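Just so it is clear: in the sequence shown, position 11 is 11 by UniProt numbering, and no numbers are missing.
For glycine and all other residues, C-beta sits at the position ideal for the given N, C-alpha and C.
Remember, predicted model here, so these are calculated numbers, not experimental data.
Notes follow once the structure below has been shown.
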Amino acid sequence: MKCRSLSLLVALLVWLPAAIAAEPAYPLDAPAPDGRRPGGTFTQEFEAPPLVDDENKDIRRERNYPEQPPTIPHSIRGYHIDKNSNKCLSCHSRANSARVQAPMISITHYMDRDGQALAAVSPRRYFCNQCHVPQKDVKPLVDNSFKNIDQVLEDEINGQQKP
């Protein structure tokens, strides 16, 4: 029995490197899907598209639904946000917003999960860019047929159906 196990092991060790070196049964240079950039093949490398600067208009955007986090209307490149510091709070905190004429962060950011008021920003709301994002002035990658609630209600009143 011991000899049979040993011979199986030897056969496996001989077969395995040959199997790994053998050509796979599928082509490695198969066409890649077209996604955000044109596909080509899996082995082709394309240059990444250039980075686009953030919008820097300092104009508040309309929100599309209730409780939507507002977008950031200015560049945050170089902003430092970690457990020890948050550059956003230098303008948007309760203490600084009036002085720099920036919108104060929502009072909900000063509450714990039980709704109790806190003196400082809640740790759950401290990392701003988990919800708030800067905008780029670019052509959308995919078509979007999103309608805000006002448009949905208006279409309903006018008797139009969703496409």
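Per DSSP, cross-strand counterpart(s) of residue i
i	result
residue 197	Past the boundaries of the shown model lies residue 197; the chain is included only from 1 to 163, so the question cannot be answered.
A117	M111
D82	S85
T41	P31
Check whether residue i and residue j have beta carbons under 8 Å apart
i	j	result
I157	Y65	no
I59	P73	yes
N56	S75	yes
C131	N86	no
Q135	D54	yes
S93	I105	yes
Straight-line Cα distance separating residue j from residue i
i	j	result
G40	S145	28 Å
A71	A120	At residue 71 the sequence reads Thr, which differs from the Ala that was named. The alpha-carbon atoms of T71 and A120 are separated by roughly 22 Å.
residue 168	V142	This structure does not reach residue 168, given that the chain is present from 1 up to 163, and the question cannot be answered.
R99	Q151	37 Å
I81	F46	33 Å
K147	P140	16 Å
residue 191	V138	In the structure displayed, the chain extends from 1 to 163; residue 191 sits before or after that span and is not available.
C91	D114	27 Å
Y79	M111	24 Å
L9	R124	56 Å
H109	G159	40 Å
V14	N84	57 Å
A117	Y126	15 Å
L6	T43	41 Å
E154	V133	29 Å
A102	S122	20 Å
A30	A48	21 Å
R77	A32	33 Å
beta-carbon residue i near the ligand MN non-hydrogen atom, thresh 7 Å
i	result
H109	Questions concerning the ligand MN fall outside what the structure shown contains, since it holds no ligand whatsoever.
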